[in-house]
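Residue numbers (this note's numbering): 10 to 289.
Listed below in structure tokens is the structure:
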């Protein structure tokens, strides 16, 4: 029997968060499941003894603090934080409003930071813990129509990579998970906001991309329940990975990006290595 851990999961009212909460509970662990509406979380996950459902809007630091205090009061500790809450503002950069871009970064990047900032003191005190953040292949490689989303996810990648050595001395690890296309609710109207078309030059391409994405909704190849099960297995490892490519498409993105970076590093090697001061 594996040791019981206490997981705090954000965005557990729908989508991947529900699957993660269910998989963690099924494995015998305790779950603090959070979302903007605690009643929706209970309805989605199912009421049971090892579950504490709490209202948490990740953009509100005071909500994060209150959730951590409630989790520690009930279970005594927090072993795993899963930063999962998210939304998606899609569109060409020129058509996304400054408010939409800010909202995207506020939820995905600053939201994850708010919750992590609230959890870290508890993890430092117990000298153990894992901060698991759901990133995206859009955090590895940018693509058209994803400027705001990729900016937030690239931010998550850099933040987590830099946080890792800061908290390692206290027995706290990090894990970035980069899913490819999974059959979650990310492409539904509840989660995706499309930029309002306003520029003729982008009109035709916008129609094409939106139609493609809407046709993909509910048909993505990745199974969220399998991903949730994989995360439970990875967290149980003595050495959890600092990055996990979730899905065959995610592996392809990792490999293509690595090859592109190597090619770019070598493309102007002579010029790149000629920029130091000449020794007097």
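Cβ atoms here follow ideal geometry from the backbone N, Cα and C, with glycine treated the same way. On a predicted model such as this, the values are computed, not experimentally measured, just so you know.
Name the residue from the options whose alpha carbon lies nearest to the alpha carbon of residue i.
i: residue 127; options: 78, 160, 116, 13; result: 78
i: residue 123; options: 142, 106, 109; result: 142
i: residue 202; options: 96, 150, 224, 218; result: 96
i: residue 179; options: 33, 137, 156; result: 137
i: residue 98; options: 161, 130, 119, 89; result: 161
i: residue 236; options: 221, 247, 254, 225; result: 254
i: residue 93; options: 243, 108, 145; result: 145
i: residue 133; options: 175, 168, 109, 169; result: 175
Going by beta carbon distance, what residues of the same chain come within less than 6 Å of residue i, once the five residues before and after it are set aside?
i: residue 62; result: 42, 47, 50, 51
i: residue 86; result: 15, 135
i: residue 73; result: 123, 124, 127
Mind checking residue i: buried by the 16 CB within 10 Å criterion, or exposed?
i: residue 182; result: buried
i: residue 233; result: buried
i: residue 113; result: buried
i: residue 204; result: buried
i: residue 56; result: exposed
i: residue 157; result: buried
i: residue 116; result: buried
i: residue 276; result: exposed
Might you give, ordered along the chain, the residues of its own chain that have their beta carbon closer than 7 Å to the beta carbon of residue i, omitting 5 neighbours on each side?
i: residue 251; result: 173, 183, 184, 185
i: residue 27; result: 21, 53, 54
i: residue 266; result: 149, 150
With a threshold of 8 Å on Cβ separation, who are the neighbours of residue i within its own chain once the five nearest residues in sequence on each side are excluded?
i: residue 10; result: Because residue 10 carries a pLDDT of 48, less than 50, the predicted location of this residue cannot be relied on, and the following value inherits that uncertainty. Taken in chain order, the residues that qualify are 37.
To the nearest whole angstrom, what separates the beta carbons of residue i and residue j, a pair I think is in contact under 8 Å?
i: residue 188; j: residue 256; result: 6 Å
i: residue 35; j: residue 18; result: That belief does not hold up - the Cβ atoms of residue 35 and residue 18 are roughly 14 Å apart, past 8 Å.
Run through the DSSP bridge pairs and tell me what residue i is partnered with.
i: residue 203; result: 99
i: residue 92; result: 142
i: residue 16; result: 40, 89
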